[in-house]
Amino acid sequence: MTREEFKRTALGGLTNNPVFVLVLGMCPTIAKSDNVINAVSLGLCTAFVLIFSNVIISALRKVIPDKVHLPAYIIVIASLVTFVQMVVSSFLPSLNDSIGAFISLITVNCIILGRAEAFAGKNKVLPSLIDGVSMGLGFIAAITLLGAVRELLTLAFGSGFFDTTMGGFIVLGLVMAAFNAVYGYVKDVKRRKTALIEREAA
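Next up, the structure:
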């Protein structure tokens, strides 16, 4: 793994943020970003499954037949989700009451299955681990940010509108637009700086 590949993979959670750029996992993102606690909790559960499914699928990629690779990926992911759900229901019953149904849905989360298909199934264990950590952190950051903004807006306006699905979609759209505007500006500044250095060097 070259330094450039490591950098690109490690920054994937930012440059290809699963929520703000790839627009994946919208159902849990909207449903459980109504407050910070739910958002962080679901984000951590999702990141755990994402990281370990990436590692396991990468380690088994050469022994999983191509014809059954998708069912095999789902079995790995579902097993990890079951483990997480058992831990949460046994040790954190109040949290299970709040997000338990959405822990089950992690099995079909497009972010996890997408990374398994696009990355872990084609790369070695270390890059897949780094990809899982990066994308997991990216998802945690995105859903937590949405949770914080929705909770602050609810407190500021004294209305439960931002707890609703419609309110969640509106906040997501605004935050997504702001994220992409800032990221686009940073990329443009970097591109201009690189072009200036190249002209001066020439």
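Numbering (the numbering used here), first residue to last: -10 to 191. Every residue, glycine too, gets a C-beta built ideally from N, C-alpha and C.
Check	Outcome
Alpha carbon of Leu69 to alpha carbon of Arg181, nearest angstrom	45 Å
Cβ contact (3+ pairs, closer than 8 Å) linking the region 122 to 132 and the region -6 to 4	yes
Proximity winner among Ala67, Gly32, Gly110, Phe9, relative to Thr133 (alpha-carbon distances)	Gly32
Helix, strand or coil at Arg50 [DSSP, three-state]	coil
Beta-carbon gap between Thr96 and Ile66 smaller than 7 Å	yes
Where Lys113 falls, given that 16 or more other Cβ within 10 Å makes a residue buried	exposed
Integer-rounded CB distance, given that Ala131 should sit under 8 Å from Asn43	In fact, because the Cβ distance is near 18 Å, the residues do not count as touching under 8 Å.
Ala137 to Val52 span [Cα, whole Å]	43 Å
Extent of the continuous alpha helix (DSSP H) run through Ser148	Taken as a continuous stretch (DSSP letters only), Ser148 belongs to no alpha helix (DSSP H), as it is neither H nor E.
Meets three-Cβ-pair contact criterion under 8 Å: the region 78 to 89 and the region 17 to 33	yes
Through-space distance from Asp177 to Thr183, alpha-carbon basis	10 Å
Any chain C beta carbon closer than 7 Å to Val76	Although the question refers to chain C, the structure presented lacks it and comprises just one protein chain.
Residue of Met75, Phe108, Phe80, Ala107 minimising C-alpha distance to Ile92	Met75
Distance between Ile64 and Leu161 (C-alpha atoms, nearest Å)	31 Å
Closest residue to Pro60 among Phe72, Val73, Ile46 (Cα-Cα distance)	Ile46
Backbone CA spacing between Met15 and Val8 [nearest angstrom]	7 Å
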